[in-house]
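S.K.: Numbering (the UniProt record's numbering), first residue to last: 1 to 147. Even for Gly, the Cβ is constructed at its ideal location relative to N, Cα and C.
This is the structure in structure tokens:
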């Protein structure tokens, strides 16, 4: 029962933090006015993708809390994750967003590499996250270059 409660709390905490940050830093007119690359996903894709990723991130966070492993890298990727929207959207800074997302991606990849031999499940659960953040980083870079 303890494991179920810890997993539920981590998933809820990740959703709450991500949702609060996202709601406080909506894309708005500034983002709509930017030139975007051809591979920009439609707006409706972001909500479902981040919902799935937040479940995975929360699940992995609970595993680290319960079983140990790369807790520091997990916290670091979460901090970068929560920082990106305020920097990119809130400060309207594609350059700042690029710096943050590069740190996020590096931390996610480092987490996967460090956990691969120790907790393969956590590493595998972070692969979709790494893929999505790679796409987001490419999008961020393209927006930076185009604008």
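1. Any idea what DSSP makes of residue 200, helix, strand or coil?
2. Thinking just about the alpha-carbon of each residue, which of 60, 138, 102 and 146 is nearest to the one in residue 116?
3. Taking the alpha-carbon positions, what's the residue 118 to residue 55 distance?
4. Could you pull out every residue in the same chain whose Cβ sits closer than 7 Å to the Cβ of residue 85, ignoring the five residues on either side in sequence?
5. Using a 10 Å radius around the Cβ and a threshold of 16 neighbouring Cβ atoms, would you call residue 87 buried or exposed?
6. Can you tell me which of 75, 147 and 34 puts its alpha carbon nearest to the alpha carbon of residue 57?
7. In terms of alpha-carbon separation, which member of 63, 42, 81 and 30 lies closest to residue 103?
8. Give every residue of the same chain whose Cβ lies closer than 7 Å to the Cβ of residue 70, excluding the five residues on either side of it in the sequence, and list them in chain order.
9. Is the beta carbon of residue 133 sitting closer than 8 Å to the one on residue 95?
10. On the premise that residue 139 lies in contact with residue 37, defined as a C-beta separation below 8 Å, what is that separation, rounded to the nearest angstrom?
11. Less than 8 Å between the CB atoms is what I'm expecting for residue 73 and residue 147, so what's the real figure, rounded?
M.R.: In terms of the structure at hand:
1. Because the chain here runs from 1 to 147, residue 200 falls outside it and cannot be looked at.
2. The shortest C-alpha separation from residue 116 is found at 60.
3. Annotation: residue 118 to residue 55 spans about 21 Å, alpha carbon to alpha carbon.
4. Non-local C-beta neighbours of residue 85 in its own chain, meaning closer than 7 Å and more than five positions away in sequence, comprise 21, 22 and 25, ordered along the chain.
5. With 16 or more Cβ atoms within 10 Å of its Cβ, residue 87 is classed as buried.
6. Here the closest residue by C-alpha is 75.
7. Selected option, being the one with the closest Cα: 81.
8. Take residue 70, set aside five residues on each side of it, and the residues of its chain with a beta-carbon closer than 7 Å to its own are 64, 111, 114 and 115, in chain order.
9. Contact: no.
10. At roughly 7 Å, the Cβ-Cβ gap stays under 8 Å, so residue 37 and residue 139 are in contact.
11. Your pair residue 73 and residue 147 does not check out as a contact, with CB atoms roughly 32 Å apart and the cut at 8 Å.
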